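Residue numbers (my numbering): 77 to 443. Here a beta-carbon is modelled for each residue, glycine too, at the ideal position from N, C-alpha and C. Just so we're clear, the structure is a prediction, and the values are computed from it rather than from any experiment.
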Amino acid sequence: MNRIQVSVPGGTYPVIIEPGLLPSMSQHIEEVHSGRRGLLVMDEQVEHPHGEQLRAEFGEAWHLRTHLFKATEANKQLDSVASIYQSALSQGLDRGSLIMGVGGGVTGDVAGFAAATFLRGIDLVLIPTTLLSMVDASIGGKTGVNLPLPDHRGVGKNLAGAFWQPKAVLIDPLVLSTLDPREIRSGVAECIKHGFISDPSLLDFIRQEHAAILQAESETITRLVSRAVQVKVDVVQGDERESGRRAALNLGHTFGHVIEPIPELDLRHGEAVAIGMVAAAECACRLGRCDASVVGVTREMVSLMGLPADLPAEQPVEDLLEAMRFDKKTRDGHLRLVLPGEAGVDLIEDVPEEMVRAAWLAVGATT
77 MNRIQVSVPG
87 GTYPVIIEPG
97 LLPSMSQHIE
107 EVHSGRRGLL
117 VMDEQVEHPH
127 GEQLRAEFGE
137 AWHLRTHLFK
147 ATEANKQLDS
157 VASIYQSALS
167 QGLDRGSLIM
177 GVGGGVTGDV
187 AGFAAATFLR
197 GIDLVLIPTT
207 LLSMVDASIG
217 GKTGVNLPLP
227 DHRGVGKNLA
237 GAFWQPKAVL
247 IDPLVLSTLD
257 PREIRSGVAE
267 CIKHGFISDP
277 SLLDFIRQEH
287 AAILQAESET
297 ITRLVSRAVQ
307 VKVDVVQGDE
317 RESGRRAALN
327 LGHTFGHVIE
337 PIPELDLRHG
347 EAVAIGMVAA
357 AECACRLGRC
367 DASVVGVTRE
377 MVSLMGLPAD
387 LPAEQPVEDL
397 LEAMRFDKKT
407 RDGHLRLVLP
417 GEAGVDLIED
427 VPEEMVRAAW
437 LAVGATT
């Protein structure tokens with residue numbers, strides 16, 4: 077068992093990574109939470125492979141209710157949070173109760189926001205079941221939902237939310253064997269991002285073990301999860317509220333968040349981030365922060381894992397630029413981007429729009 081401790085002003089909690097952990101979840105939860113009344117907020121796709129086993133594990137000592145929802149970007153909205161509130165009220169949850177988020181990143185974000193705001197905050201435990209949520213979304217306390225942009229201009233990612241640290245994150249890498257290969261690839265995008273941020277040897281590991289990773293081979297995928305989690309924890313511990321260093325974790329996300337909600341592109345989060353990382357590298361190259369080799373390595377890594385490096389369908393560049401103006405990292409109308417350099421990444425203030433436009437065109441946007 078690998079136990080990584082997270083210590084931030086908002087709370088100290090363990091991230092426990094162990095193949096075969098699922099059947100002993102209640103034991104670990106009882107170490108961090110004293111109540112016995114809770115709500116399992118679960119992606120409906122997780123119900124069939126894991127729901128019955130989880131409920132049986134808690135047994136009669138717990139008063140549990142399961143709240144199922146379709147964990148898609150389209151449902152990552154305030155209506156879904158309101159529905160969780162109603163289930164929590166029906167179950168009689170109080171301030172000593174617990175919400176458990178079981179699923180991928182969307183589930184964790186929505187369940188986390190509900191926990192942060194129900195009765196002004198109750199305990200949260202996250203049980204991520206996708207690679208992406210294991211290595212990124214479940215750690216660090218970010219919760220949130222999307223909001224529609226004004227004048228029917230699409231959807232803004234995570235524009236309503238809260239920082240709310242879980243009491244524990246419990247990771248069983250064996251559950252990844254139930255995922256389709258596309259979902260595994262999507263999660264690897266975040267691992268690649270972590271490598272670019274602070275651990276180049278992680279990129280070497282992904283190159284060497286890419287076949288075993290895509291097959292979710294137990295030992296290899298556990299090593300990948302543990303290494304990527306450690307990068308995320310190190311960054312979060314230095315900056316809980318994204319006032320400085322934590323912004324590095326947004327590499328590829330400002331670009332990616334624009335294209336992820338566009339229905340005709342049909343992109344999962346990691347796929348959008350992969351394209352976003354390539355766009356960020358293209359932008360950095362044009363700004364003189366790095367040479368073309370960084371663009372080449374970025375394209376190499378995402379392509380090696382079967383991730384897209386370019387937009388899969390035409391999108392007008394002006395529409396993409398307009399959507400970026402609603403990103404949370406925009407300040408006083410000036411776009412701030414996390415961009416790679418020769419070593420690591422940095423948050424760059426007031427990036428010229430013509431450079432951003434050129435980066436979008438380089439990944440297939442149209443004029």
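Cβ distance (whole Å) where residue 226 is taken to contact residue 200 below 8 Å: Counting from one through the sequence shown, the residue named residue 226 turns up at place 150. Counting from one through the sequence shown, the residue named residue 200 turns up at place 124. So it is not a contact: roughly 31 Å between Cβ atoms.
Determine the extent of the beta strand (DSSP E) in which residue 219 is found, giving its start and end residues. By one-based count along the sequence shown, residue 219 stands at place 143. Secondary structure note for residue 219: its beta strand (DSSP E) is the uninterrupted segment 218-224.
Assuming contact is defined by CB atoms lying nearer than 7 Å, are residue 354 and residue 385 in contact in what I supplied? Sequence index remark: in the sequence shown, residue 354 carries index 278 (1-based). Sequence index remark: in the sequence shown, residue 385 carries index 309 (1-based). Taking the C-beta atoms as reference points, residue 385 is found nearer than 7 Å to residue 354.
Using beta-carbon positions only, say whether residue 439 and residue 396 come within less than 7 Å of one another. For the purposes of this step, residue 439 is identified with residue 363 of the sequence shown, where counting begins at 1. For the purposes of this step, residue 396 is identified with residue 320 of the sequence shown, where counting begins at 1. Going by C-beta atoms, residue 439 is not nearer than 7 Å to residue 396.
Indicate whether residue 250 and residue 127 have their beta-carbon atoms separated by less than 7 Å. For the purposes of this step, residue 250 is taken as residue 174 along the sequence shown, with counting starting at 1. For the purposes of this step, residue 127 is taken as residue 51 along the sequence shown, with counting starting at 1. For the pair residue 250 and residue 127, the CB atoms are not nearer than the 7 Å cut-off.
Quick check: the stretch 218-232 against the stretch 365-372, are there 3 or more CB pairs under 8 Å? Judged by Cβ distances under 8 Å, the stretch 218-232 makes no contact with the stretch 365-372, as fewer than three pairs qualify.
By Cβ distance below 7 Å, which residues in the same chain neighbour residue 286 in space, the five residues on each side in sequence not counted? Start at 1 with the first residue of the sequence shown, and residue 286 comes out as number 210. These residues qualify, in order along the chain: 380, 381.
Secondary structure at residue 365, three-state DSSP: helix, strand or coil? The residue you call residue 365 lines up with position 289 of the sequence shown. For residue 365, the secondary structure class from DSSP, reduced to helix, strand or coil, is coil.
Along the chain, where does the alpha helix (DSSP H) containing residue 294 start, and where does it finish? Here the question's residue 294 lines up with position 218 in the sequence shown. Here the alpha helix (DSSP H) through residue 294 covers 294-314.
Under the three-state DSSP convention, the category residue 245 falls into: By 1-based counting over the sequence shown, the position of residue 245 is 169. Residue state, collapsed to three classes: strand.
Can you tell me whether residue 193 is helix, strand or coil according to DSSP? Translated into the one-based positions of the sequence shown, residue 193 becomes position 117. Secondary structure at residue 193: helix, using DSSP grouped into helix, strand and coil.
Within 7 Å, strictly: CB atoms of residue 147 and residue 183: Position 71 of the sequence shown, counted from the first residue, corresponds to residue 147. Position 107 of the sequence shown, counted from the first residue, corresponds to residue 183. Yes. Within cutoff.
Please determine, among 215, 433, 102, 443, the residue with the shortest C-alpha to C-alpha distance to residue 135. The residue labelled residue 135 in the question sits at position 59 within the sequence shown. Out of 215, 433, 102, 443, 102 has the C-alpha closest to the C-alpha of residue 135.
Closest Cα partner of residue 323 within the set 390, 412, 435: Position 247 of the sequence shown, counted from the start, is the residue given in the question as residue 323. Minimum Cα distance to residue 323 is reached at 412.
Could you tell me the alpha carbon to alpha carbon distance between residue 420 and residue 175, rounded to whole angstroms? The count along the sequence shown starts at 1 and reaches residue 420 at position 344. The count along the sequence shown starts at 1 and reaches residue 175 at position 99. Our two residues, residue 420 and residue 175, have alpha carbons roughly 36 Å apart in a direct line.
Inter-residue Cα distance where the pair is residue 160 and residue 119: Your numbering for residue 160 matches position 84 in the sequence shown. Your numbering for residue 119 matches position 43 in the sequence shown. The straight-line gap from Cα to Cα measures roughly 12 Å.
From 296, 436, 84, pick the residue whose C-alpha is nearest to that of residue 392; which is it? Position 316 of the sequence shown, counted from the first residue, corresponds to residue 392. The shortest Cα separation from residue 392 among 296, 436, 84 belongs to 436.
To the nearest angstrom, how far is the alpha carbon of residue 94 from that of residue 219? As a working note, residue 94 is residue 18 in the sequence shown. As a working note, residue 219 is residue 143 in the sequence shown. C-alpha separation (whole angstroms): 24 Å.
Just reading off the alpha helix (DSSP H) that residue 330 is part of, what are its end residues? Reading the sequence shown from its first residue, position 254 is the one you call residue 330. Counting along the chain, residue 330 sits inside the alpha helix (DSSP H) bounded by residues 329-335.
What residue does the alpha helix (DSSP H) around residue 284 start on, and which one ends it? As a first step, residue 284 must be located in the sequence shown, where it is residue number 208. Residues 276-284.
What residues match up with residue 161 in a beta bridge as DSSP calls it? To locate residue 161, count along the sequence shown from 1; it is residue 85. Under DSSP, residue 161 shares a beta bridge with no residue.
Counting only the same chain and skipping the five closest in sequence on each side, list residues whose C-beta sits under 8 Å from that of residue 107. In the sequence shown, the residue the question calls residue 107 occupies position 31. Cβ neighbours of residue 107 beyond the five flanking positions: 244.
Give every residue of the same chain whose Cβ lies closer than 6 Å to the Cβ of residue 167, excluding the five residues on either side of it in the sequence, and list them in chain order. Locating residue 167 in the sequence shown gives position 91, where the first residue counts as 1. Beyond the five residues adjoining it in sequence on each side, residue 167 comes within less than 6 Å, by CB distance, of 115, 141 in the same chain, given in chain order.
Per DSSP, the bridge partner or partners of residue 204: Counting from one through the sequence shown, the residue named residue 204 turns up at place 128. Answer is 179, bridged to residue 204.
Length of the line joining the Cα atoms of residue 418 and residue 149: What you label residue 418 is simply residue 342 of the sequence shown in a count that begins at 1. What you label residue 149 is simply residue 73 of the sequence shown in a count that begins at 1. Approximately 34 Å between the Cα atoms of the pair.
At what residues does the alpha helix (DSSP H) containing residue 431 begin and finish? In the sequence shown, the residue the question calls residue 431 occupies position 355. Where residue 431 is concerned, the enclosing alpha helix (DSSP H) stretches over 429-438.
Can you tell which of 129, 246, 164 has its C-alpha closest to the C-alpha of residue 180? The residue you call residue 180 lines up with position 104 of the sequence shown. Considering only alpha carbons, the answer is 246.
For residue 109, name the three-state secondary structure that DSSP assigns. Position 33 of the sequence shown holds residue 109. In this structure, DSSP gives residue 109 a state outside helix and strand, which the three-state scheme calls coil.
Looking at the secondary structure, which residues open and close the alpha helix (DSSP H) in which residue 81 lies? Within the sequence shown, the letter at position 5 stands for residue 81. In the DSSP annotation of this structure, residue 81 is not part of any alpha helix (DSSP H); the continuous beta strand (DSSP E) holding it starts and ends at 78-84.
For residue 402, I'd like the list of residues in its chain whose CB is within less than 7 Å of its CB, leaving aside the five on either flank, ordered along the chain. Here residue 402 corresponds to residue number 326 of the sequence shown, with the count starting at 1. Same-chain partners within the cutoff: 225, 232.
Cβ neighbour criterion (16 or more within 10 Å) applied to residue 280: The residue given as residue 280 occupies position 204 in the sequence shown. It counts as exposed.
Sheet register partners of residue 93 (DSSP bridge): In the sequence shown, the residue the question calls residue 93 occupies position 17. Answer by DSSP bridge pairing, in chain order: 78, 247.
How do the stretch 331-350 and the stretch 304-319 stand: do at least 3 beta-carbon pairs fall below 8 Å, yes or no? The stretch 331-350 vs the stretch 304-319: no contact.
Starting from residue 199, follow its DSSP beta bridges and name the residues at the other end. Along the sequence shown, one-based indexing puts residue 199 at 123. Its beta-bridge partners are 174.
Considering only the alpha carbon of each residue, which of 240, 193, 291 lies closest to residue 261? On the sequence shown, residue 261 is found 185 positions in, with the first residue counted as 1. Residue 291 is the option with its Cα nearest to residue 261.
Which residue marks the beginning of the beta strand (DSSP E) containing residue 141, and which one marks its end? In the sequence shown, residue 141 corresponds to position 65, counting from 1. According to the DSSP assignment, residue 141 belongs to the beta strand (DSSP E) that extends over 139-145.
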